[in-house]
Each structure stands twice: as C-alpha cells, then as structure tokens.
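Q: From first to last, the protein sequence lines are chains A and B. Per our numbering, the first sequence starts with residue 1, numbered consecutively. Per our numbering, the second sequence starts with residue 1, numbered consecutively. For glycine and all other residues, C-beta sits at the position ideal for the given N, C-alpha and C. There's a structure below that I have some questions on.
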Amino acid sequence: MENVTSVPSRTQPETRFQRWRDTWSRHRLAYRMIAPTVVAMLLVHLVPTIEALYMSMLDLNQYTLGQFLRAPFIGLANYRFLLLTPDNPIVHGLGQATRNTLIYSVAVNTTTLGLGMVAALLLNRRFWWRGLARTLILMPWVVPTYAVGLLWGMMWLRERGAINVILVDWLHLLDQRPFWLIGPNTLWAIIIPTAWRQLPFATIMLLSALQTVPEDLYDAAVVDGASSWQRFRYVTLPWIKPVVAIMLLWGMIFTFFGYNIVVMMFGNGGGYPGEWGDLLMPALERQSFRYWLFGLGAAASTLMMIGMMFFVFVWYRTFQSSLTQE
Amino acid sequence: MSPTYYRIRRRVLDRLADLLLIAIILLVLFPIFWMIVNSLRTNQDILTATTLLPQKLQFHNYRDLWAQVDFGRYFRNSLIVCGVTTIVVSLLATLSGYALARFRFPGADVFGLAVLGTQLIPGILFLLPLYGNFILIKKRLGVPLVGTNFGAIVLYTAFFLPLSLWILRSFFATIPRELEEAALIDGATPFAAFWRIALPLARPGIVATAIYVFLSAWDELLFAWVLNVKTIPVGIRLFVGQYTNRFDLMSAAAVVSTIPVLVIFFLLQRQMISGLTAGAIK
C-alpha cells in the first residue's frame, strides 16, 4: 500500500493487476451484470468449441470414446479424409447433404422473401379485415417445426397424402401419383414446408419495415410521375434493404442449421432422409452419434462453421453500405 | 383519361389484391386445417377418405394418445424445462442486456461481438464435446446431466442467452436515459436506477424476450434427443417410430404440441411479434 501511494511509483506505469483492479472498480456494476452471462457462454459456448476444434484432430471413434480428449492425436487426418476421399461412403453422403443444404437454403429464403414481400404489400393497404388477415397469415408460425415435419410428412404420402389427393384425384393436374418422399422430389418435400413455416415471419418483418417508409417519399415520387413499379423499385426497396439483409442472414442461419423438419418427415423420425432429403445437421448427427465418429464429426462441423463464417463475410461485404447507412 | 377511369381501375385492382390475399391465406391455412381434421378422424377414415370433412367427428384420438404414450409426462417435462429456462434466461439477459445498452466498459465490444458470434456455431459442433463433458461430470462428480431436465435447463439457458440479451439490449436502448439520470442526481445508486426505473419501462421487452425463449425451447429437438431428455419433441419422435401407420394419433400429437404455442400467440400476439422483429432487426 505504501508503495502505491509513494511519489515515485505514481510516475511509473501501474502493474497490470492494478490496471485491471482499477477498471473493475470503475465499471463494477456493468461487469457484475454481465458476469453470469459470460460464465454461461464460456462454459457452454467457448470451452466446448475449443474442445471440438481439438477433437477434430483426434482419432475419436467408438473404440477410443472412453478416452475422450486423450484419444490418439492424428493432426489433420480427419480433414484430409473429408476433403480428399470423396468416394468414401460417409464423405460422399456428407457431400450430398452439403449440396442439398445449399439448394434448400437458397430456395427457402428466396421463396419466403419473395412471397413474404407479396403478402406484406397486400397487407399494407387499408381494408377492414386487415387485422384478421394478418393473424391468419401468421398461423403456420405457431406450429412447432417438429410438428411441421410430421404434418407434411403425412401430406406428402403417395397414396393417401393430401397433396396427391388434391393434385391427382381432385384437380387432375397430374396423371400419375408422384413419389414425394423418394428421389429428387424430396428436395421439394422439405423446401415447401420450411418456406410455409417461415413465410409468416418474413411477412410480418417486411410489413413492419414497409410501415416505416415515409409517406412523403411516395408523394414526391408521384409528383415526379413514377409508376407504381418504379415507386416500389426506387423508393420502397432501398428503404427496406437493411431489413431484407438482416432477414436473409437469419434465414440462412435457420436453414443452414435446419434439423427438425427433415428429421421428423422421413423414416418416422429415425430413418435416413435419402440422398435428396438429407441436410448437414441431420447427417452429422447421424454419423457422429449412430456410429460414434466423434473426431470426424467434429472436423466436419468445423468445416461447416468455416462455411458459415465465409457466408457471413460475403453477406457483410454485400450489404455493408446499406447496413451502416442507418 | 378521365378521373373516373382511374377510380374504377383502382377499385378493380384493389379487389384483385383482396382475392390474391384470400388465396394466399387459404393456401397457408390448409395444412393446419388438415392437421386438425385428421386428428378428429379414425385411422380407417384417413386411409380411405376422399372428402375434406370427416364423416363423423370423434375425439378419442386425444384420449388414446394420452393413454398410450404417457404424453402427460412429456408434456410436464417440456413445461418444466421451458418454464425454468425462460425465467433464468429472462433474468440474466435483462441484466446483461441493460449493461450492454447503458454502460461503456472495456470489453463491451468484444462481448457484443461474441454474443453474435455464438449464432454462427453449428449446434452439432459443441454437442459432441458437451456430450463427452456431461458423461465425465457424471462419472467424476456424480451430477446427472444426461437424460435429466436439469441438464436440458443448463444447456438451453446458455443457448438462448445470447440472442435474448441482444433483443433486450435493443429494448433498453429505446428507453430514454434522462429518467435514470434524474434518479441518479436525486441520489439513487446506479443499480436502483436500473431496478426502479429502467426495468418497469422495459417490461414489454422482457415479456417479448420470455416468449421468444419459451417458444425456442419448446421447439428444440436435436439436443433433447441426443441427451435423452424426455420433452415433447423427443416423445413425439419416439412415438412416431413406434406407431408407424397411426396417422390419427400422429395428427393428434401434432395438434397437442401446437396448442400451448397457439394459446401464447392469442394472449400475447403483440409482444410476440415485437420481440421477434426487434431481435431480428437490431
């Protein structure tokens, strides 16, 4: 204590510990308020992520599972296996799942944004049943995603499913009953229900964004003789672009990590969704936990995270200007 | 052209827009209608019916569901897990969301960035080591985390914290600071200013966040499945694997899992919407 208060030590730089203590006491309340959250995030996010990165370099399989983090260290062999042996059945399966996840993500998000925009524009008018219409359009949102998978799994059934009954028996649009849950059609079978479940959220977000567009911008555009399409293109769209950007980000995260709908739709919740229905999350869960390939699973999940980070980087570069304008 | 031409054209377009909206609504509602109707049919009726409405409405699917799969236990577990998680997360997220919105402190930017960064980690990435850790903890310390509600609550709390505090941060940011500053001048401690002034004002935001957490936890299948926690999604998945062709019971199960969400939706529609839009926009 005497040292601290004595004259020469004041001119000397403080020790790191003193600086820390000083910062802590000046912001004590803030640090105390975030402390439980920081601890929770360290224990359930940071530590396991670091463990997983290390696990991805271990030969951790059903024989070495008991050793957990003391399993044999094999460097980048898991990554080499994933990237360089595309003919291996496991790697081939993960490759198909990656392809499906990409198609699925792009298709679901373009559909929800497009249809959501149409619905939002239709709702953004003055009419007496507007509140009712909005509530009704929100309804798919209350169905839990696992129930969505279950419900649509029944609707896609070839013989008695509602889709084929309507398309073939009632409307006679198709001569033959298509298989929806086998073959390339499975992609539709997972894209459409997901888009259906996501549509309410997209609609409500776009609607609230549309309502922030200032009226006088439209008035000015009308004075300039802009058509309704031009007003949409040059007034509405630029104004709501930041919201669309954020929705695209969350939507892509949601579909990239999609699991419930696919798992509940195929094979009664336990089976393999097929080469056109498998997504990365179900595939990784199956490979890791059914065959106890923890090291390989960790390596594949790490690659998936890197892919996600790359997407966010591209996303940020694309929308940077409209996000920072606010 | 005459003004009447434009007026008529406008009205026609408006009616066409109404029709389009009605078509969209009908398409969107159909699967839900189908789910409810099938839950009121017998399995035989589902497999042979060619009509929209069942020949005879009957409700015993719900009774059978309850009797055959001990659905009550799954339901109770889901309520406990989601309820406790919601309370803990709301409390912690309120504290840290407030700190992030109001105080400039060293590390705030890193913390904020880390909070968003957690959303980019695929769940499976930390599920693998967590599973190992949980088994180790059970072996060494005897705390059962696999297959218990407690384990699920611990995990879900940590999972839903980041986005929840982000939603609450944006709510606190919209509350004007002047009120708290006035309280500080009157001699209140900073914590009292938060507790007595900011907290009551942020109540709609806290309710919205709590709804978000409850519904996310209600919808969680992957972790509950792997860690063998007997919540509703796990119960339904197990059930579906067992009774492969009982479409009547499956429909009833889907309806039952939807009902709590539906109740929350009709009671708290506005808060639910504001929470989700706030969380996603800012």
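#1: Would you tell me roughly how many angstroms separate the C-alpha atoms of residue 162 (chain A) and residue 240 (chain A), rounded to the nearest one?
#2: Under 8 Å from any heavy atom of the ligand FMN, does the C-beta of residue 55 (chain B) make it?
#3: Helix, strand or coil for residue 257 (chain A), going by three-state DSSP, please let me know.
#4: Looking at the C-beta of residue 103 (chain B), does it have a partner C-beta in chain A at a distance below 9 Å?
#5: How long is the line joining the alpha carbons of residue 162 (chain B) and residue 101 (chain B), rounded to whole angstroms?
#6: Quick one: residues in its chain with C-beta nearer than 6 Å to the C-beta of residue 282 (chain B), no 5 flanking neighbours on either side, listed in chain order?
#7: Below 6 Å CB to CB, which residues in the same chain sit around residue 244 (chain B) once its five sequence neighbours on both sides are set aside?
#8: If you compare alpha carbons, which of B:250, B:167 and B:46 is closest to residue 63 (chain B)?
#9: Residues of the stretch 224-258 of chain A in Cβ contact with chain B at a cutoff of 7 Å, in chain order, please.
#10: Within the 9 Å Cβ cut-off, does residue 79 (chain A) reach chain B?
#11: Grouping DSSP H, G and I as helix and E and B as strand, with all else coil, what is residue 73 (chain A)?
#12: Just to confirm the assignment: which complete alpha helix (DSSP H) runs, minimum length 4, are found wholly within the stretch 181-230 of chain A?
#13: If I follow the unbroken alpha helix (DSSP H) through residue 56 (chain A), where does it start and stop?
#14: Report the option in B:105, B:116, B:155 and B:84 whose CA atom is closest to the CA atom of residue 131 (chain B).
#15: With DSSP run on the structure shown, which of helix, strand or coil describes residue 120 (chain A)?
#16: Tell me the rounded alpha-carbon separation between residue 9 (chain A) and residue 174 (chain B).
#17: Taking the Cβ atom as the reference point for each residue, do residue 246 (chain B) and residue 43 (chain B) lie within a distance shorter than 9 Å?
#18: Are residue 294 (chain B) and residue 209 (chain B) closer than 9 Å when you measure CB to CB?
#19: When the cut-off is 9 Å and only beta carbons count, does residue 184 (chain B) lie next to chain A?
#20: Give a yes or no on contact between the stretch 117-126 of chain B and the stretch 66-80 of chain A, applying the rule of three or more CB pairs nearer than 8 Å.
#21: So is residue 139 (chain B) buried or exposed if we call it buried at 16+ other beta carbons inside 10 Å?
#22: Which of helix, strand or coil does DSSP assign to residue 64 (chain B)?
#23: Should residue 136 (chain B) be flagged as near chain A, meaning a C-beta pair shorter than 9 Å?
#24: For residue 119 (chain B), which option in B:166, B:148, B:108 and B:80 has the closest C-alpha, if you only look at C-alpha atoms?
#25: How about residue 84 (chain B): is its C-beta nearer than 9 Å to some C-beta of chain A?
#26: If I measure Cβ to Cβ from residue 264 (chain A) and keep anything under 7 Å in the same chain, skipping five residues before and after, which residues do I get?
#27: Name, please, each residue of chain A whose Cβ falls closer than 8 Å to the Cβ of residue 34 (chain B).
#28: Can you give me, in chain order, the residues of the stretch 10-36 of chain A that have a beta carbon less than 9 Å from any beta carbon in chain B?
#29: Residue 8 (chain B) versus chain A: which residues are under 8 Å apart at the beta carbon?
#30: In whole angstroms, what is the alpha-carbon distance linking residue 243 (chain A) and residue 205 (chain A)?
#31: So residue 291 (chain A) is in the alpha helix (DSSP H); what residue range does that whole segment cover?
A: Taking the coordinates as given:
#1: On the first sequence, position 162 is the one that residue 162 (chain A) refers to. On the first sequence, position 240 is the one that residue 240 (chain A) refers to. Taking the straight line joining both Cα atoms gives about 37 Å.
#2: This structure does not include the ligand FMN; it has no bound ligands of any sort.
#3: One-based indexing of the first sequence puts residue 257 (chain A) at position 257. DSSP, reduced to helix, strand and coil, places residue 257 (chain A) outside both helices and strands of the structure shown, so it counts as coil.
#4: The residue you call residue 103 (chain B) lines up with position 103 of the second sequence. For residue 103 (chain B), the answer is yes, since a Cβ of chain A falls inside 9 Å of its Cβ.
#5: Here the question's residue 162 (chain B) lines up with position 162 in the second sequence. Here the question's residue 101 (chain B) lines up with position 101 in the second sequence. One alpha carbon belongs to residue 162 (chain B), the other to residue 101 (chain B), and they sit about 14 Å apart.
#6: For the purposes of this step, residue 282 (chain B) is identified with residue 282 of the second sequence, where counting begins at 1. The predicted position of residue 282 (chain B) is uncertain, since its pLDDT is 44 and thus under 50; no value can be drawn from it.
#7: Counting from one through the second sequence, the residue named residue 244 (chain B) turns up at place 244. The beta carbon of residue 244 (chain B) sits closer than 6 Å to no other beta carbon from its chain once the five residues preceding and following it are set aside.
#8: The residue given as residue 63 (chain B) occupies position 63 in the second sequence. Looking at B:250, B:167 and B:46, the one whose alpha-carbon comes closest to that of residue 63 (chain B) is B:250.
#9: Contact residues of the stretch 224-258 of chain A toward chain B are 243, 246, 247, 250, 253 and 257 (C-beta to C-beta distance below 7 Å).
#10: Translated into the one-based positions of the first sequence, residue 79 (chain A) becomes position 79. So, not an interface residue.
#11: Along the first sequence, read from residue 1 onward, the residue named residue 73 (chain A) stands at position 73. Looking at residue 73 (chain A) - three-state DSSP - the assignment turns out to be strand.
#12: For the stretch 181-230 of chain A, whole alpha helix (DSSP H) runs of length 4 or above, ordered along the chain, are 185-210 and 215-223.
#13: As a first step, residue 56 (chain A) is located in the first sequence; it is residue number 56 there, counting from the start. Unbroken run through residue 56 (chain A): none, as it is neither H nor E.
#14: Within the second sequence, the letter at position 131 stands for residue 131 (chain B). With distances taken between CA atoms, residue 131 (chain B) lies nearest to B:155 out of B:105, B:116, B:155 and B:84.
#15: Mapped onto the first sequence, residue 120 (chain A) falls at position 120. Here residue 120 (chain A) sits in helix by DSSP.
#16: Position 9 of the first sequence, counted from the start, is the residue given in the question as residue 9 (chain A). Position 174 of the second sequence, counted from the start, is the residue given in the question as residue 174 (chain B). For residue 9 (chain A), the predicted model reports a pLDDT of 47, less than 50, meaning its position is unreliable and no value from the coordinates is stated.
#17: The residue you call residue 246 (chain B) lines up with position 246 of the second sequence. The residue you call residue 43 (chain B) lines up with position 43 of the second sequence. Taking 9 Å as the cut-off, the beta carbon of residue 246 (chain B) is found closer than this to the beta carbon of residue 43 (chain B).
#18: The displayed coordinates of chain B run from 1 to 282. Any statement about residue 294 (chain B) would go beyond what the structure contains.
#19: Here residue 184 (chain B) refers to the residue found at position 184 of the second sequence. Closer than 9 Å: no.
#20: Counting C-beta pairs with one atom in each stretch, the stretch 117-126 of chain B and the stretch 66-80 of chain A have fewer than three that are closer than 8 Å, which means they do not touch.
#21: The residue given as residue 139 (chain B) occupies position 139 in the second sequence. Within 10 angstroms of the beta-carbon of residue 139 (chain B) lie fewer than 16 other beta-carbons, which makes it exposed.
#22: In the second sequence, the residue the question calls residue 64 (chain B) occupies position 64. Look at residue 64 (chain B) here: in three-state DSSP terms it is helix.
#23: Taking the second sequence and counting its residues from 1, the one referred to as residue 136 (chain B) is at position 136. The C-beta of residue 136 (chain B) comes closer than 9 Å to at least one C-beta of chain A.
#24: Taking the second sequence and counting its residues from 1, one reaches residue 119 (chain B) at position 119. Among B:166, B:148, B:108 and B:80, the Cα nearest to that of residue 119 (chain B) belongs to B:166.
#25: Position 84 of the second sequence holds residue 84 (chain B). No, residue 84 (chain B) lies away from the interface with chain A (no Cβ there is under 9 Å from its Cβ).
#26: Within the first sequence, the letter at position 264 stands for residue 264 (chain A). For residue 264 (chain A), where only same-chain residues beyond five positions count, the Cβ hits under 7 Å are 146, 149, 150 and 153.
#27: Indexing the second sequence from 1 puts residue 34 (chain B) at position 34. Simply 151, 155 and 162.
#28: Taking 9 Å as the cut-off between beta carbons, the residues of the stretch 10-36 of chain A near chain B are 23, 26, 27, 29, 30, 31, 32, 33, 34, 35 and 36, in sequence order.
#29: By 1-based counting over the second sequence, the position of residue 8 (chain B) is 8. Within chain A, no residue comes near residue 8 (chain B); the closest Cβ sits about 16 Å away, beyond 8 Å.
#30: Position 243 of the first sequence, counting from 1, holds the residue named residue 243 (chain A). Position 205 of the first sequence, counting from 1, holds the residue named residue 205 (chain A). In this structure, the alpha-carbon of residue 243 (chain A) lies about 8 Å from that of residue 205 (chain A).
#31: To locate residue 291 (chain A), count along the first sequence from 1; it is residue 291. Unbroken run through residue 291 (chain A): none, as it is neither H nor E.
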